[in-house]
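Here the sequence shown stands for residues 1 to 115, numbered as in the UniProt record's numbering.
Think of the CB as a built atom: it goes at the ideal place given N, C-alpha and C, for glycine as much as any other residue.
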Amino acid sequence: MREIKFRMFDTEEKQFMNGSRVIESRVNDLNSKGRFIYQQYTGIKDQKGTDIYEGDIVQTVGLMIDNKGIVKFIDGAYCIEAFDGKEGWFLFQEIEENEVIGNVYENPELVEVKN
Numbered sequence: 001m002r003e004i005k006f007r008m009f010d011t012e013e014k015q016f017m018n019g020s021r022v023i024e025s026r027v028n029d030l031n032s033k034g035r036f037i038y039q040q041y042t043g044i045k046d047q048k049g050t051d052i053y054e055g056d057i058v059q060t061v062g063l064m065i066d067n068k069g070i071v072k073f074i075d076g077a078y079c080i081e082a083f084d085g086k087e088g089w090f091l092f093q094e095i096e097e098n099e100v101i102g103n104v105y106e107n108p109e110l111v112e113v114k115n
């Protein structure tokens with residue numbers, strides 16, 4: 001069974017929280033609309049053992065794929081939406097070759113404009 005975990009980005013503090021701090025801050029979220037952005041763990045780790053969450057920027061190098069993109073939940077599956085405008089791919093396709101290189105909130109400079 002997949003482990004269910006969440007992390008939360010605080011847009012005011014500009015940092016992530018996880019574990020019990022997410023649960024504690026959920027109460028505060030009721031009074032702070034838009035302040036917290038929640039992301040779910042995909043159940044998959046990258047090649048270095050780092051948990052992969054929605055919103056992570058992942059580089060994938062494999063036999064069929066050499067690209068990077070943003071992890072998103074699309075049509076019932078975790079996918080990587082490619083930066084270069086090419087078709088995305090399922091997160092589990094090249095599981096041994098995925099590496100988290102950042103996320104959309106702390107590393108916006110890694111997000112490339114699509115052509």
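**Prompt:** Which residue comes first and which comes last in the beta strand (DSSP E) that contains D84?
**Reply:** By one-based count along the sequence shown, residue 84 stands at place 84. Where D84 is concerned, there is no enclosing beta strand (DSSP E), given that its DSSP letter is neither H nor E.
**Cutoff 8 Å; reference residue 123; Cβ partners in own chain excluding five residues on either side** = This structure does not reach residue 123, given that the chain is present from 1 up to 115, and the question cannot be answered.
**Close Cβ partners of G88 (< 7 Å) along its chain, the five nearest in sequence each way excluded** = Position 88 of the sequence shown, counted from the start, is the residue given in the question as residue 88. The residues are G69, C79, I80, E81, A82.
**Message:** Only counting the same chain, and skipping five residues up and downstream in sequence, which positions put a Cβ closer than 8 Å to that of I101?
**Reply:** One-based indexing of the sequence shown puts residue 101 at position 101. Correct list, in chain order: I57, V58, Q59, K68, N107, L110.
**Message:** Quick check on E13: does DSSP put it in helix, strand or coil?
**Reply:** Locating residue 13 in the sequence shown gives position 13, counting from the first residue. In this structure, E13 counts as coil in the three-state DSSP scheme.
**Proximity below 9 Å, CB of Q47 to CB of E99** = By one-based count along the sequence shown, residue 47 stands at place 47. By one-based count along the sequence shown, residue 99 stands at place 99. Taking 9 Å as the Cβ cut-off, Q47 and E99 qualify as a contacting pair.
**Asked** Does DSSP put E106 in a helix, a strand or coil?
**Response** In the sequence shown, residue 106 corresponds to position 106, counting from 1. DSSP places E106 in coil when its eight states are reduced to three.
**Message:** What residue range does the beta strand (DSSP E) around D42 cover?
**Reply:** Locating residue 42 in the sequence shown gives position 42, counting from the first residue. Note that residue 42 is Thr in the sequence shown, not Asp. Residues 36 to 45.
**Request:** Please name the residue or residues paired with G69 in a DSSP beta bridge.
**Result:** For the purposes of this step, residue 69 is identified with residue 69 of the sequence shown, where counting begins at 1. Bridge partners of G69: V58, A82.
**Span separating the alpha-carbon of F90 from that of Q39** = For the purposes of this step, residue 90 is taken as the residue at position 90 of the sequence shown. For the purposes of this step, residue 39 is taken as the residue at position 39 of the sequence shown. Looking at the two C-alpha atoms, the distance is approximately 18 Å.
**Prompt:** How is E97 classed by DSSP in three states: helix, strand or coil?
**Reply:** For this step, residue 97 is matched to residue 97 along the sequence shown. Three-state DSSP puts E97 in a helix.
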